[in-house]
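Okay, so here's the structure we're looking at.
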Amino acid sequence: MNLTLKIWRQKGPSAAGSFEEHKVHAEEDMSFLEMLDVLNEQLVHEKKEPVAFEHDCREGICGTCNMVINGHPHGPQRGTTTCQLHMRHYNDGDTIVIEPFRASSFPVIKDLVIDRSAFDNIIQAGGYISVNTGQAPDGNAIPVEKQDASQAFDAATCIGCGACVAACPNGSAMLFTSAKVSHLALLPQGEVENGKRVYDMVNQMDKEGFGRCSNITACEAECPKEISVDNIARMNRLYVKSVFAGTQGNEKN
Amino acid sequence: MNLDPKIPAGELADKWTEFRSKMDLVAPNNKRKLEVIVVGTGLAGASAAATLGELGYKVKAFTFHDSPRRAHSIAAQGGINAAKNYQNDGDSVYRLFYDTIKGGDYRSREANVHRLAEVSRDIIDQCVAQGVPFAREYGGLLANRSFGGVQVSRTFYARGQTGQQLLIGAYQALSRQISSGKVQMYNRHEMLDLVKVDGKARGIIARNLVSGKLERFAGHCVVLATGGYGNVYYLSTNAMNSNVSAAWKAVKKGALMANPCYVQIHPTCIPESGEYQSKLTLMSESLRNDGRVWVPKSKEDAEAIRTGKKTALDIPEADRDYYLERRYPAFGNLVPRDVASRAAKIECDAGKGIVKTGRGVFLDFGAAVIRYGKIAANTQNISNPSDAKISELGRATIKEKYGNLFQIYEKITGQDPYVFPMKIYPAVHYTMGGLWVDYNLETNVPGLFALGEANFSDHGANRLGASALMQGLADGYFVIPYTIGQFLSKEIRTPAISTDLPEFEQAESETRAKLEQLLKIGGAQSVESFHRRLGRIMWEYCGMSRNEQGLAKALQMIRELREEFWNDVFVPGEIHDYNPELEKALRVADFIELGEVMVRDAMARDESCGGHFREEYQTEDGEAMRRDDEYTYVAAWSWNDGNPEVYKEDLHFENVELKTRSYK
Ligand SMILES: Cc1cc2nc3c(=O)[nH]c(=O)nc-3n(C[C@H](O)[C@H](O)[C@H](O)COP(=O)(O)OP(=O)(O)OC[C@H]3O[C@@H](n4cnc5c(N)ncnc54)[C@H](O)[C@@H]3O)c2cc1C
Ligand code: SF4
Ligand code: FES
Chain A
1 MNLTLKIWRQ KGPSAAGSFE EHKVHAEEDM SFLEMLDVLN EQLVHEKKEP VAFEHDCREG
61 ICGTCNMVIN GHPHGPQRGT TTCQLHMRHY NDGDTIVIEP FRASSFPVIK DLVIDRSAFD
121 NIIQAGGYIS VNTGQAPDGN AIPVEKQDAS QAFDAATCIG CGACVAACPN GSAMLFTSAK
181 VSHLALLPQG EVENGKRVYD MVNQMDKEGF GRCSNITACE AECPKEISVD NIARMNRLYV
241 KSVFAGTQGN EKN
Chain B
1001 MNLDPKIPAG ELADKWTEFR SKMDLVAPNN KRKLEVIVVG TGLAGASAAA TLGELGYKVK
1061 AFTFHDSPRR AHSIAAQGGI NAAKNYQNDG DSVYRLFYDT IKGGDYRSRE ANVHRLAEVS
1121 RDIIDQCVAQ GVPFAREYGG LLANRSFGGV QVSRTFYARG QTGQQLLIGA YQALSRQISS
1181 GKVQMYNRHE MLDLVKVDGK ARGIIARNLV SGKLERFAGH CVVLATGGYG NVYYLSTNAM
1241 NSNVSAAWKA VKKGALMANP CYVQIHPTCI PESGEYQSKL TLMSESLRND GRVWVPKSKE
1301 DAEAIRTGKK TALDIPEADR DYYLERRYPA FGNLVPRDVA SRAAKIECDA GKGIVKTGRG
1361 VFLDFGAAVI RYGKIAANTQ NISNPSDAKI SELGRATIKE KYGNLFQIYE KITGQDPYVF
1421 PMKIYPAVHY TMGGLWVDYN LETNVPGLFA LGEANFSDHG ANRLGASALM QGLADGYFVI
1481 PYTIGQFLSK EIRTPAISTD LPEFEQAESE TRAKLEQLLK IGGAQSVESF HRRLGRIMWE
1541 YCGMSRNEQG LAKALQMIRE LREEFWNDVF VPGEIHDYNP ELEKALRVAD FIELGEVMVR
1601 DAMARDESCG GHFREEYQTE DGEAMRRDDE YTYVAAWSWN DGNPEVYKED LHFENVELKT
1661 RSYK
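Same order as they appear, the protein sequences are chains A and B. Heads up: the first sequence is residues 1 to 253, going by this note's numbering. Heads up: the second sequence is residues 1001 to 1664, going by this note's numbering.
Put into structure tokens, the structure is as follows:
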């Protein structure tokens, strides 16, 4: 199939960007990123700079391959990352518009590549359980109800891609942050630090300049791991609780 | 050079305990003054950096990724082994040790493997405490499954995303140390050279991948946890950016590459669909519990399937060859990875392949659907169920067990695996070879350590399923935090290392010259095209089976390719910019050199063992023939300015008897 790509080019964080048009030939069985590989090989042969885009695992788990395809982060398929999208979902003659995730907290580095360190900063603010190596009791000393383990797991499948932020008109990071808060809050090992964790992570989220949540739920619709907005509700509850406890603080107090 | 493995004296089972009670310690006030550079923050590196930070060392950690959470470890699916014996099925530290030694075809070091089995139990405890959501039983206790042909259930798992959950656990522990200031994290920094001062590893040159600037970093020692080199084959199940460069730079500075020819080829991956293929996707080993592998008995049927005139469903039972069941009646479809892979190649080479390229076989769940369907009908009290009903019930069971894998398969191939058998083919998956290290995980360069897939230490010539995650975390959480003290305890009087030393100056200017050279060539061929060509040579001649003639040819071809690369590659862009093509060019240049050493290693090893199958050394019925009298050693290679030399470490087996693996 022959396609027209309108693809965002931007030299650096402060440079003005614009769309560039390219023709590319793709096969049905190619993945979307392989189609971009073809484009880049073409550009290299013309002695031009290829389009910078990020990718690594190419199987939907590392969360690197961020781009907006025809208005959708990670493209049209639900529950799918860009690297899992295949060209059989497109037709000969299609025009595809490709741009970076756009959010003020995710500055563009080059072309489609963005800086998501804000997510790391949120995790560093408290997205962990404070246990040193060697301090752990026997694994089976802490039974976890299968249901709780499973819910915690659903939240823990977040790949930190940032599509939720890109999908949100407010550029909010609530889905990402709440997924981590929920993962740890639902487990007995994590419960102890619930209050402090949620307080610190939410404050960090604000510091990073992410927007407020106004319940639009576009995040859930575009999340490649189908993380539920129920996590946001849980985080809000825990946050309010920690504020009222006045401890910034420990649930137990 | 004498390779001293520094194995502690004493009984096998007591070595590690005794080592720890007698090892040199570093006092807390001294730890604060000692700087450790950790390159790589996958499972091995993140767990090491976090733990060393907790202990009080000043740690600088590096990754070329934008965050430690993206390391290749994230993609591991199946699980992690530990000798917990929670299932009360007779598992023990000794059994895990024994299985690993045997699985490795008797080409690993007893003492290291035993230590691995010992600390495996602590890993699970640690990960649970961090909040890793392992699978659980209804009673709330940890669940296990069996993996890769061993006789006990010792594999802990987190759905099909075990690597992701373990890495997130290590990443969180690391994040905690970063926030407390004990670890300084350098994302998007790629190590391009190792700096040695007075013979010791004292720093690195890294390129800031955003600005393109070269930066110098110094420490009292350097730990490499930079992963495996499977991408030398271009196509593999590894993440696209996995590469050998950090380890290779160490080799160029005098470290040794051990057993580079030991590569694991995984039997069940989705086959290549065309020339544009960029990577291969693993279909978990667990599928072979229920899937039956087959090809048509006749070449004509295979041809008809390849050209689309027939489908698998048109081939009657009597015309199918379930070749694993035929050749290995005892283990059937559950033979180890190396055996299953080779068997698929043999069938495809004989013209029985069932995909366009000729390189693919069927993995069929038809029989399992019927078996499970009947069981379900029975338990649901459905008498005389129709065939359709049985299929429906059976498919539901299969979906419950493997739903996510079937979904991945369908996304990639566009075919419904509930109706048509899966098409699979072996692909490069894991590299057992790696930097030579002693019992302390220290290379032959003092102060340079290697962890995880980057070292060669524990898997011999073949790795068992679910053992790489175990080894990476063992190295990072439970081994290096102790063994690094053997080196650092002697460095407490060494002041902070200055990056103004001439050694740093020289390493930086050499690195810059290389970058400039690459950009200057201005040839006609892309980096990608060289990588693909290298991959094809390696796969053809140094892949699933090897012979002397082919290897000699490969050696020649790789040398020519190297020559051509340095004369005709085209690298666009500039040094001082975000430039992925330049990053790739450096990696491919190193892969080409590594490729040569792999081929030499494969030529020098005149035997077949584990992942290394030399056609000249097979039994009458085509099985691998080890030659223990002559080849029970580790082959460790220097680069030696392009004239690689081999050094040998003899392996001594005092606790297990060397046997021929048989799966008949
Ligand atoms: C698809 C797949 C499934 C698997 N499933 C399993 C399984 O179920 N069970 C199991 O036990 N094993 C499994 N494995 C194997 C296992 O995942 C790997 O062996 C293991 O994760 C390697 O971990 P590591 O920490 O050594 O390296 P990696 O995770 O590869 O990490 C390497 C790190 O080094 C960094 N790095 C590399 N070079 C440089 C440089 N020059 N400068 C700066 N940083 C650098 C990278 O950024 C990264 O942080 C699987 C492998 C694959 C491919
Ligand atoms: S919540 Fe979903 S969209 Fe947001 S970062 Fe996680 S996986 Fe990506
Ligand atoms: S490349 Fe890893 S999720 Fe797409």
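Backbone N, C-alpha and C define an ideal beta-carbon position, used for all residues, glycine too.
heavy atom of ligand 5 below 7 Å from A:I114 C-beta: As for ligand 5, it is missing from this structure, which binds only ligand 1, ligand 2 and ligand 3.
Neighbour list for A:Y239 in chain B, Cβ cutoff strictly below 8 Å: Locating residue 239 of chain A in the first sequence gives position 239, where the first residue counts as 1. The premise fails here: A:Y239 is roughly 19 Å from chain B at the closest Cβ pair, so nothing lies under 8 Å.
Every unbroken alpha helix (DSSP H) within the stretch 1377-1461 of chain B, with a cutoff of 4 residues, ordered by chain: 1387-1413
Residue from A:T82, A:Q124, A:F53, A:E46 with nearest C-alpha to B:S1180: Translated into positions along the second sequence, residue 1180 of chain B becomes position 180. Among A:T82, A:Q124, A:F53, A:E46, the Cα nearest to that of B:S1180 belongs to A:Q124.
Beta carbon proximity, A:M67 to chain D, threshold 8 Å: No chain D is present in this structure, whose protein chains are A and B.
Where B:G1274 meets chain A, residues with beta-carbon distance less than 7 Å: In the second sequence, counting from the first residue as 1, residue 1274 of chain B sits at position 274. Under the 7 Å cutoff, chain A gives E27, D29.
Opposing strand residues paired with B:I1205 [DSSP bridges]: Working through the second sequence from its first residue, we reach residue 1205 of chain B at position 205. Looking at the DSSP assignment, B:I1205 forms a beta bridge with B:D1193, B:R1216.
Host alpha helix (DSSP H) of A:R197 (start-end): Position 197 of the first sequence, counting from 1, holds the residue named residue 197 of chain A. 194-207 is the extent of the alpha helix (DSSP H) around A:R197.
Straight-line gap, B:L1518 to B:V1527 (C-alpha atoms, nearest Å): For the purposes of this step, residue 1518 of chain B is identified with residue 518 of the second sequence, where counting begins at 1. For the purposes of this step, residue 1527 of chain B is identified with residue 527 of the second sequence, where counting begins at 1. Looking at the two C-alpha atoms, the distance is approximately 10 Å.
Burial state of B:V1339 (16 or more Cβ within 10 Å): The count along the second sequence starts at 1 and reaches residue 1339 of chain B at position 339. Its Cβ being crowded by 16 or more others within 10 Å, B:V1339 is buried.
Cβ neighbours of B:A1552 in the same chain (closer than 8 Å, five flanking residues each side left out): As a working note, residue 1552 of chain B is residue 552 in the second sequence. Excluding residues within five positions, the ones whose Cβ falls inside 8 Å are M1603.
Chain-ordered neighbours of B:F1570 on chain A, where CB pairs are closer than 9 Å: Stepping through the second sequence from its first residue, residue 1570 of chain B is reached at position 570. Residues of chain A passing the Cβ test: V44, H45, K47.
Chain A within 8 Å of B:W1016, Cβ atoms only: For this step, residue 1016 of chain B is matched to residue 16 along the second sequence. Output row for B:W1016: interface = no.
Contacting positions in the stretch 1409-1440 of chain B - beta carbon closer than 8 Å to chain A: K1411, I1412, T1413, G1414
B:G1043 and B:W1637 closer than 8 Å at C-beta: Taking the second sequence and counting its residues from 1, the one referred to as residue 1043 of chain B is at position 43. Taking the second sequence and counting its residues from 1, the one referred to as residue 1637 of chain B is at position 637. Checking the sequence shown, residue 1043 of chain B turns out to be Leu, not Gly. Contact: no.
Range covered by the alpha helix (DSSP H) that runs through B:K1033: Counted from its first residue, the second sequence places residue 1033 of chain B at position 33. Where B:K1033 is concerned, there is no enclosing alpha helix (DSSP H), given that its DSSP letter is neither H nor E.
Below-8 Å beta-carbon distance, B:K1060 vs any chain A residue: As a position in the second sequence, residue 1060 of chain B is number 60, starting the count at 1. Closer than 8 Å: no.
C-beta atoms of B:T1499 and B:A1117 nearer than 8 Å: As a working mapping, residue 1499 of chain B is identified with position 499 in the second sequence. As a working mapping, residue 1117 of chain B is identified with position 117 in the second sequence. Going by C-beta atoms, B:T1499 is not nearer than 8 Å to B:A1117.
Sequence-distant residues of the same chain with beta carbon closer than 7 Å to B:A1367, five excluded per side: Taking the first residue of the second sequence as 1, we reach residue 1367 of chain B at position 367. Around B:A1367: R1292.
Cβ distance (whole Å) where A:I216 is taken to contact A:C161 below 8 Å: Translated into the one-based positions of the first sequence, residue 216 of chain A becomes position 216. Translated into the one-based positions of the first sequence, residue 161 of chain A becomes position 161. That belief does not hold up - the Cβ atoms of A:I216 and A:C161 are roughly 19 Å apart, past 8 Å.
Contact test: A:G60 Cβ vs ligand 2 heavy atom, cutoff 7 Å: Counting from one through the first sequence, the residue named residue 60 of chain A turns up at place 60. No, the beta carbon of A:G60 sits no closer than 7 Å to any heavy atom of ligand 2.
Residue-level contact to chain B via CB, A:K196, 8 Å cutoff: Counted from its first residue, the first sequence places residue 196 of chain A at position 196. No - not a single Cβ of chain B is within 8 Å of the one on A:K196.
Any chain A beta carbon closer than 8 Å to B:A1206: Walking along the second sequence from the start, residue 1206 of chain B turns up at place 206. No, B:A1206 lies away from the interface with chain A (no Cβ there is under 8 Å from its Cβ).
CB contact below 8 Å: B:I1178 versus chain A: Against the second sequence, residue 1178 of chain B aligns to sequence position 178. Chain A, which has a Cβ nearer than 8 Å to the Cβ of B:I1178, makes this yes.
Identity of the residues DSSP links to A:N2 by a beta bridge: Here residue 2 of chain A refers to the residue found at position 2 when the first sequence is read from its first residue. Its beta-bridge partners are A:H25.
Whole-number beta carbon distance between B:I1168 and B:R1069, since they are thought to touch under 8 Å: The count along the second sequence starts at 1 and reaches residue 1069 of chain B at position 69. The count along the second sequence starts at 1 and reaches residue 1168 of chain B at position 168. Sure, about 6 Å apart at Cβ, within 8 Å.
Residue range of the beta strand (DSSP E) that includes A:I98: Residue mapping note: residue 98 of chain A aligns to position 98 of the first sequence, counting from 1. That run of the beta strand (DSSP E) goes 95-99.
Cβ pair B:L1555, B:I1592 closer than 8 Å: Along the second sequence, read from residue 1 onward, the residue named residue 1555 of chain B stands at position 555. Along the second sequence, read from residue 1 onward, the residue named residue 1592 of chain B stands at position 592. Against a cut-off of 8 Å, the Cβ pair of B:I1592 and B:L1555 comes out as no contact.
Cα-Cα separation, A:L43 to B:F1570: Position 43 of the first sequence, counting from 1, holds the residue named residue 43 of chain A. Position 570 of the second sequence, counting from 1, holds the residue named residue 1570 of chain B. Answer to the nearest angstrom: the Cα atoms are 11 Å apart.
Nearest neighbour of B:I1558, chosen from B:E1548, B:D1193, B:F1530 [CA to CA]: Residue numbering aside, residue 1558 of chain B sits at position 558 when the second sequence is read from its first letter. The option with the nearest alpha carbon to B:I1558 is B:F1530.
Residues proximal to ligand 2 by C-beta, any heavy atom closer than 6 Å: A:C158, A:I159, A:G160, A:C161, A:G162, A:A163, A:C164, A:L175, A:F176, A:A179, A:C223, A:P224, A:K225, A:I227
Neighbour list for A:V113 in chain B, Cβ cutoff strictly below 8 Å: As a working mapping, residue 113 of chain A is identified with position 113 in the first sequence. The answer, in chain order, is Y1578.
Neighbour flag for B:P1481 against chain A, beta carbons, 8 Å: If you number the second sequence from 1, residue 1481 of chain B lands on position 481. Output row for B:P1481: interface = yes.
Contact check, B:H1189 vs B:I1497, beta carbons under 8 Å: In the second sequence, the residue the question calls residue 1189 of chain B occupies position 189. In the second sequence, the residue the question calls residue 1497 of chain B occupies position 497. Against a cut-off of 8 Å, the Cβ pair of B:I1497 and B:H1189 comes out as no contact.
Heavy atom of ligand 3 within 7 Å of A:T81 beta-carbon: Locating residue 81 of chain A in the first sequence gives position 81, counting from the first residue. Checking every heavy atom of ligand 3 against the Cβ of A:T81, one is found closer than 7 Å.
Proximity test, A:H55 beta-carbon vs ligand 3 heavy atom, cut-off 7 Å: If you number the first sequence from 1, residue 55 of chain A lands on position 55. Yes.
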